[in-house]
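Some notes on the structure that comes next.
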Amino acid sequence: MKKTTEGIETRELNLIANKGGSGSVGFKLSVPKPWAAALGVDLNNRSVVASFDGDKIIISGIKK
267 MKKTTEGIET RELNLIANKG GSGSVGFKLS VPKPWAAALG VDLNNRSVVA
317 SFDGDKIIIS GIKK
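Here the sequence shown stands for residues 267 to 330, where the numbers follow our numbering.
Okay, here's the thing in structure tokens:
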């Protein structure tokens, strides 16, 4: 689902779950290519900064 409200694009995304050999579970998120490009992310620069405030995760590009 994709919608735009007040200039903010919102999409419903699914997390990718992976289970380690010790039984621990981790999650990954696939980010749409246009969003990654807007953050300055490409195959040679894949680093971002993620912040969590207990309710929201905010992903920001790294200014170089």
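Idealized CB from N, CA, C, for every residue including glycine.
Given the structure is predicted, the values throughout are model-derived calculations rather than measurements.
Residue interval of the beta strand (DSSP E) (run including Lys322): Here residue 322 refers to the residue found at position 56 when the sequence shown is read from its first residue. That residue, Lys322, is in no beta strand (DSSP E); it is neither H nor E in DSSP.
From Ile282, Asn310, Gly273, Lys269, residue whose alpha carbon lies closest to that of Gly292: Start at 1 with the first residue of the sequence shown, and residue 292 comes out as number 26. Out of Ile282, Asn310, Gly273, Lys269, the CA that lies nearest to the CA of Gly292 is found in Ile282.
Residue from Asp321, Ala302, Leu309 with nearest C-alpha to Val315: Taking the sequence shown and counting its residues from 1, one reaches residue 315 at position 49. For the residues Asp321, Ala302, Leu309, the minimum Cα distance to Val315 belongs to Ala302.
C-beta contact flag for Leu333 and Leu295 at 8 Å: Residue 333 lies beyond the stretch modelled for the chain, which goes from 267 to 330, so this question has no answer here.
Alpha-carbon spacing of Asp319 relative to Ile325, whole angstroms: Looking up residue 319 in the sequence shown gives position 53. Looking up residue 325 in the sequence shown gives position 59. Going from the Cα of Asp319 to the Cα of Ile325 covers about 12 Å.
Proximity winner among Lys285, Gly287, Arg277, relative to Val297 (alpha-carbon distances): Indexing the sequence shown from 1 puts residue 297 at position 31. Per the Cα distances, Arg277.
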